[in-house]
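If you're matching them up, the sequences are chains A and B in order. Sequential numbering of the first sequence, starting at 1, is according to our numbering. Sequential numbering of the second sequence, starting at 1001, is according to our numbering. Glycine included, C-beta positions come from ideal geometry on N, C-alpha and C.
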Amino acid sequence: MSSNSLFQVDLNGILKVLSDSLYSSYQVFIRELLQNSVDAINARKHLGDAFTPAVTVNFMQSGDVRTIFVEDNGVGLTWTEVDEFLSRIGSSSKSGRQDRESFIGQFGIGLLSCFMISDEVIVISKSAKKQEAVKWIGNIDGTYQKMQLEEEIPVGTSVYLRVKDSIKLDENLLESLLGRYGTYLNVPIRFFVNDQEKNNFQRDFPWRVSADEVISAGRSAFKEEFHQYIPLKDRSGKTTGVAYIIPRPTHTVANNSHAIYIKNMFITDHCTTILPEWAFFVKAIINSENISPTASREEIYKNQVLEDVREELGDCIKQFLIQLSETDPTFLHHIIGIHGTALKSLALNDAVFFRFISKWFSFPTSEGILTLEEIKQQTKTILYVPDLDEFKQLLPVARGNGQLIVNTGYIYDTEIFNRLNELDKTAIYQAIDVEFFGNILKDLPLEEVDRYRERLKQLQYHLDYFNCELEMKEFSPDSLPMIFYMSQKSLIERDVKTIQQESDDLWSGITDAVFSFEQAYHSKLFLNRNNPTIQKLLNQPTSSSDELFMETMYINSMLLGHYPLNKKEMDIMNNNMEQLLNKIL
Amino acid sequence: MISMKQFPITTEEELKQAITRFKERIDYFSGYQKKIAEKFLWKAQELKNIDLEFEARRLLVSYYNNLHEYDKGFATFSWLLQRCDEDRERFNYKSILGLYSLIIIVAKQYSAIPKTRVIELFDDFERRYREMGIGERMISSYKFYQYSEMGEIEQAEKEYIVWQAASSAVFFPCKQCEELFLSAYLADEGRYEELLELIQPVLDGRITCHYNELSELHQGMLACMMLGRWEEATVLEVRSRKFLDLDIAFLYEFSSHLLYYGITGAFEKGRILFEKQLPHAREIAPDLTRLKFFISSQEFFRRLHQNGRTFVQLNLPGFTAVPAGADGYEVAGLMKYCQDEMNRLAEALDSRNENDYHKKQTALLVERCVAIEQQVCE
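Given below as structure tokens:
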């Protein structure tokens, strides 16, 4: 035997679910009521009735008793529709209709939100379809009464709520909620307090009015002073809005919140999914006819439509920047100055955008911050240093020798230059390290090399112990005695070698069999022949202090470059320090 | 994307936080991130903090292993093991033992490591595992690996019997993928039907743990291809590729793909794969995986040659073993180079193992490829 049964719903239970889970706050009751009113007015328009749409909200206070009246002149409800739509949870007058797209609500649960602020909901309605008026009283305990009204009332629906004592709601809060949810609805909303008109809300979205309105709306929505905005529109034209360019640097992982309206009804000001992730340098206000709200109407539904809209709005931002390069390059430069990191991230993921934007990017160089275009004006062979520490070491030498170098040690910059190397054939892009740079510094004349050959051999002898190669160069500034280089690869080899020496026979043998030690020298010291101390060293005969001098110079270079010293180097450093102190004494 | 700019480190506390944050945000393994991990190590050494050095090296060894840079991984691992031996309370010995199993799997794949050392290493591994109370079943599965890859098949079969009889492995929490250690052996032996049966739970998506998709999907593709089940092979080829990165040395896994590309005539895909993986095959990778790669490569170029291509354009900086002209590299030259490497590596492994297992297996795989090619041509 089988039978079909309906779930039994405990209204108190549902209210708890609503207040605790579905809605974030009791304040949304006004949104639900406004939504029902607007949908009712749209439904009446579909009937072809001639009328002037109007919604009024009246807040009445007498002593501690607060009552809210929400009235509209929409399509109204018939006797049977009241049963169907007010008394059955989850049944909506809008679901199943061919014209449902023009309605904000779809779920049939909105009226229940009123029970979050009132124990009793009274609805009086007269349908535009039938000349009958009906009164419905819904109670918090799940019961309701319905009666026909004899008196003559206008077409439309009125909702009466007596606010519970525990609910904090006064005329100011209600006015503010009406402003939040009702401003952009296409229906005039008049607000009364104790029957006295206090305010009315009906505006068009700012991007349909004027630039000043847009800036003002941005200030009001995000409490920030914006100076520039980007118009947004998806391909269908159903989603429109503005994206404000944040006038301060933002972090790459910033997750900006955008204000979203669906069919003119405010949904959330915490949306993070309407724009692409890379657009973290803007904040947007958007109204959409094609994306959908979730059942709580406090977030947007994640589906293919949203993905398409997101991509198309992202394209608007890209196109704006491309246009700006022609109409206002100074401003584009200003934006890149603030949001360069975001735009670099975007460029690396979009080849077309990369080709356009890369010349506007700025990079730290030995000549200060320069755009790629400015760098290319100075040199067609662009040397870039992917390691921040190495750039710092090279900086004085590069400046002293008039050689422009670019620091690409910050996020995305090396990838940008690697990409340029593939795409831009109007310049040569060369990644360099200290060794590379040292090798392009000026060599000594042949006769000088010959003159110092033996002396250099003597000095090199003291560095062999450290696997460090010595080379003589001429460079500016003269005050700099040397530059030192140890590559990441050398550091690894040094590390593996140290571990191997400290390992037992088994592990030492395995490392020996597998690891190939390729580097003849682990590090390189470029001596500056122009430096007075180095000249003194070169011109003096071999002495017992050579060892101390070279070792100290090597260890000092290691320390300045933040390279780790091994145990032997530490011992030598301590020993040399002691010798030097003894000499002073 | 993790950047050095996010980790300005001067103090021990900053380094500690940086390592922690770095670990939390690892989503994939790249050379760039490995460099940052290396910088953590230099900083820990500069600060002379052994605990932070331990953490930095633990992080780094996982990069070396995942990027298949085992040559550096061995030394770093031995440092970690040594610190644990000095003070088992202070350092996380158990986590280091977990890494040991990977070390012993890889070590025997290098022919330069003498047999005596491989045995010595395994004995050390076994001793430490037994000390920790790790059961027979776990140890015998590694012994099976050891024997089968070194061509001692009778011994391997005996270990399999031990494994079957032993109680469930301790220290190996995943029951469902416990038996998958047999898959590489079954593939080598050409027992493709049994292989497919074994890895079926991975192929149909029931097992997705412990990198099994990375390890088994390409085996499934190879088996299906060898059995002429082309539709399944095509699907598995696409699925397997999703787990592989051309910039990382996946020589063993990609060797199956390269065979597939050669046999099915997907020469452009094969060309890109060869171009990207050859540098790894010439440098750091274990000999056994290089052998697999060169077997597939010579098959690939043989098929390319059969298809009437005399030259092929390849971007191989520093590769001079085969001369390149204006038209690119001569296909016959590349084929010969790969055959020579294949023979050399098989010989090196066999001579270390004191048998002729890899030479025989190589010849058998080549035969099987020719047979399946003939089927395709018919």
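(request) Note down, in chain order, all residues in the segment 1023-1057 of chain B with a beta-carbon under 7 angstroms from any beta-carbon belonging to chain A. (result) Taking 7 angstroms as the Cβ-Cβ cut-off against chain A, the residues of the segment 1023-1057 of chain B that qualify are K1035, E1038, W1042, Q1045 and E1046.
(request) Kindly indicate which three-state DSSP category A/D99 falls into: helix, strand or coil? (result) Residue 99 of chain A sits at position 99 when you count from the first residue of the first sequence. With a pLDDT of 49 at A/D99, under the threshold of 50, the modelled position of this residue cannot be trusted; read the value that follows with caution. Annotated three-state conformation of A/D99 is coil, per DSSP.
(request) May I ask which residues mark the beginning and end of the alpha helix (DSSP H) holding B/K1158? (result) Reading the second sequence from its first residue, position 158 is the one you call residue 1158 of chain B. For B/K1158, the uninterrupted alpha helix (DSSP H) segment begins and ends at I1153 to A1165.
(message) Closer than 7 angstroms between beta carbons: that is the criterion. Which residues of the segment 1164-1198 of chain B meet it against chain A?
(response) For the segment 1164-1198 of chain B, the beta-carbon criterion of a distance under 7 angstroms to any beta-carbon of chain A is satisfied by none of its residues.
(request) Using a Cβ-Cβ cut-off of 8 angstroms, state whether A/F466 counts as contacting chain B. (result) Residue numbering aside, residue 466 of chain A sits at position 466 when the first sequence is read from its first letter. Closer than 8 angstroms: no.
(request) Could you check which residue in A/A279, A/I167, A/V82 and A/V397 has the C-alpha nearest to that of A/P481? (result) Locating residue 481 of chain A in the first sequence gives position 481, counting from the first residue. Relative to A/P481, the option among A/A279, A/I167, A/V82 and A/V397 whose CA is nearest is A/V397.
(request) State the DSSP-derived secondary structure class of A/A60, mapped to helix, strand or coil. (result) Residue numbering aside, residue 60 of chain A sits at position 60 when the first sequence is read from its first letter. Correcting the residue identity first, residue 60 of chain A is Met in this sequence and not Ala. Correct three-state label for A/M60: strand.
(message) Among the candidates B/Q1374, B/I1161 and B/A1346, whose CA atom is the shortest distance from the CA of B/A1363?
(response) Mapped onto the second sequence, residue 1363 of chain B falls at position 363. In terms of CA proximity to B/A1363, B/A1346 leads the group B/Q1374, B/I1161 and B/A1346.
(request) Go ahead and pull the three-state DSSP assignment for A/R529. (result) Residue numbering aside, residue 529 of chain A sits at position 529 when the first sequence is read from its first letter. It is coil, neither helix nor strand.
(request) Could you list which residues in chain A have their beta carbon closer than 9 angstroms to that of B/E1126, in chain order? (result) Counted from its first residue, the second sequence places residue 1126 of chain B at position 126. Listed by position along chain A, the residues whose Cβ is nearer than 9 angstroms to that of B/E1126 form an empty set, because the closest Cβ is around 14 angstroms away.
(message) Going by DSSP, what residue range makes up the beta strand (DSSP E) through A/F192?
(response) For the purposes of this step, residue 192 of chain A is taken as the residue at position 192 of the first sequence. Segment I189 to V193, the beta strand (DSSP E) holding A/F192.
(message) Taking the alpha-carbon of B/E1038 as reference, which of A/L548, A/L491, A/I584 and A/S508 has the nearest alpha-carbon?
(response) For the purposes of this step, residue 1038 of chain B is taken as the residue at position 38 of the second sequence. The residue with the shortest Cα to Cα distance from B/E1038 is A/L491.
(message) Looking at A/V159: is its Cβ nearer than 8 angstroms to the Cβ of A/V187?
(response) Along the first sequence, read from residue 1 onward, the residue named residue 159 of chain A stands at position 159. Along the first sequence, read from residue 1 onward, the residue named residue 187 of chain A stands at position 187. Not closer than 8 angstroms, so no.
(request) Taking all protein chains shown into account, decide if B/E1154 is buried (16 or more other Cβ within 10 angstroms of its Cβ) or exposed. (result) One-based indexing of the second sequence puts residue 1154 of chain B at position 154. Per the 10 Å Cβ criterion, exposed.
(request) Report back the beta-carbon spacing between A/L587 and A/R529 to the nearest angstrom; my notes put them in contact at under 8 angstroms. (result) Look at the range of chain A in this structure, 1 to 585, and you will see that residue 587 of chain A is not part of it.
(request) Run the CB neighbour count on B/I1161, radius 10 Å, all protein chains shown included, and call it buried at 16 or more, exposed below. (result) Walking along the second sequence from the start, residue 1161 of chain B turns up at place 161. Counting the other CB atoms within 10 Å of its CB gives B/I1161 a total below 16, which places it among the exposed residues.
(message) Could you check whether the Cβ of B/Y1147 sits closer than 8 angstroms to any Cβ belonging to chain A?
(response) Translated into the one-based positions of the second sequence, residue 1147 of chain B becomes position 147. With 8 angstroms as the cut-off, B/Y1147 does not count as an interface residue toward chain A.
(request) Give a yes or no on contact between the segment 160-180 of chain A and the segment 40-47 of chain A, applying the rule of three or more CB pairs nearer than 8 angstroms. (result) Under the three-pair Cβ rule at 8 angstroms, the segment 160-180 of chain A does not count as touching the segment 40-47 of chain A.
(message) So for B/M1150, helix, strand or coil by DSSP?
(response) Position 150 of the second sequence holds residue 1150 of chain B. DSSP places B/M1150 in coil when its eight states are reduced to three.
(request) For the beta strand (DSSP E) containing A/C271, list its first residue and its last residue. (result) Translated into the one-based positions of the first sequence, residue 271 of chain A becomes position 271. Residues M265 to C271.
(message) Can you look up A/T381 in the DSSP assignment and give me helix, strand or coil?
(response) Stepping through the first sequence from its first residue, residue 381 of chain A is reached at position 381. The three-state reading of DSSP puts A/T381 in strand, counting E and B together.
(request) Give every residue of the same chain whose Cβ lies closer than 6 angstroms to the Cβ of B/P1317, excluding the five residues on either side of it in the sequence, and list them in chain order. (result) Mapped onto the second sequence, residue 1317 of chain B falls at position 317. Within its own chain, no residue has a Cβ closer than 6 angstroms to the Cβ of B/P1317 once the five positions on either side in sequence are excluded.
(request) Output the distance between the C-alpha atoms of B/A1211 and B/L1067, rounded to the nearest integer angstrom. (result) As a position in the second sequence, residue 1211 of chain B is number 211, starting the count at 1. As a position in the second sequence, residue 1067 of chain B is number 67, starting the count at 1. Inspection of the sequence shows that residue 1211 of chain B is occupied by Tyr rather than by Ala. Answer to the nearest angstrom: the Cα atoms are 14 angstroms apart.
(request) Under 8 angstroms between beta-carbons, which chain A residues line up against B/S1078? List them in chain order, please. (result) Locating residue 1078 of chain B in the second sequence gives position 78, where the first residue counts as 1. Within chain A, the residues I499, S503, W507, I510 and T511 have their CB atoms less than 8 angstroms from the CB of B/S1078, given in chain order.
(request) Using a Cβ-Cβ cut-off of 8 angstroms, state whether A/L491 counts as contacting chain B. (result) Start at 1 with the first residue of the first sequence, and residue 491 of chain A comes out as number 491. Closer than 8 angstroms: yes.
(message) Using a Cβ-based criterion (distance less than 7 angstroms to any ligand heavy atom), does B/E1086 qualify as near the ligand ATP?
(response) Inclusion of the ligand ATP in the displayed structure is not the case, the ligand content being empty and no account of it being possible.
(message) Taking 8 angstroms as the threshold (beta carbon to beta carbon), is A/F515 in contact with chain B?
(response) Mapped onto the first sequence, residue 515 of chain A falls at position 515. Yes - at least one Cβ of chain B is within 8 angstroms of the one on A/F515.
(request) Look up A/G138 in the DSSP assignment and say whether it is helix, strand or coil. (result) In the first sequence, counting from the first residue as 1, residue 138 of chain A sits at position 138. It is a strand residue.
(request) Starting from the C-beta of B/A1165, find all residues in its chain whose C-beta is less than 7 angstroms away, skip the five residues before and the five after it, and write them out in chain order. (result) For this step, residue 1165 of chain B is matched to residue 165 along the second sequence. There are no such residues.
(request) Using beta-carbon positions only, say whether B/N1307 and B/E1275 come within less than 8 angstroms of one another. (result) Indexing the second sequence from 1 puts residue 1307 of chain B at position 307. Indexing the second sequence from 1 puts residue 1275 of chain B at position 275. Contact: no.
(request) Would you tell me roughly how many angstroms separate the C-alpha atoms of A/V28 and A/N349, rounded to the nearest one? (result) Counted from its first residue, the first sequence places residue 28 of chain A at position 28. Counted from its first residue, the first sequence places residue 349 of chain A at position 349. Rounded to the nearest angstrom, the gap between the Cα atoms of A/V28 and A/N349 is 40 angstroms.
(message) Using a Cβ distance threshold of 8 angstroms, determine whether the segment 416-431 of chain A contacts the segment 376-388 of chain A, with at least three qualifying pairs required.
(response) Touching, yes, given that three or more Cβ pairs across the two stretches are closer than 8 angstroms.
(message) Using C-beta distances below 6 angstroms, list every residue in its chain close to B/S1111, excluding the 5 sequence neighbours before and after it, in chain order.
(response) For this step, residue 1111 of chain B is matched to residue 111 along the second sequence. Counting only Cβ-Cβ distances below 6 angstroms, and skipping sequence neighbours, we find D1287, A1348, L1349 and R1352.
(message) Against A/H562, what residues of chain B qualify as contacts under a CB-to-CB distance less than 9 angstroms, listed in chain order?
(response) The sequence position of residue 562 of chain A within the first sequence is 562, counting from 1. Neighbours of A/H562 on chain B, chain order: W1042, K1043 and E1046.
(request) Can you tell me the Cβ-Cβ gap for B/E1253 and B/H1280, rounded? I've got them flagged as a contact below 8 angstroms. (result) Taking the first residue of the second sequence as position 1, residue 1253 of chain B is located at position 253. Taking the first residue of the second sequence as position 1, residue 1280 of chain B is located at position 280. About 12 angstroms separates the Cβ atoms of B/E1253 and B/H1280, ruling out a contact at the 8 angstroms cut-off.
(request) Tell me, please, whether the CB atom of A/Q393 is closer than 8 angstroms to any CB atom in chain B? (result) What you label residue 393 of chain A is simply residue 393 of the first sequence in a count that begins at 1. Taking 8 angstroms as the CB threshold, A/Q393 stays off the interface with chain B.
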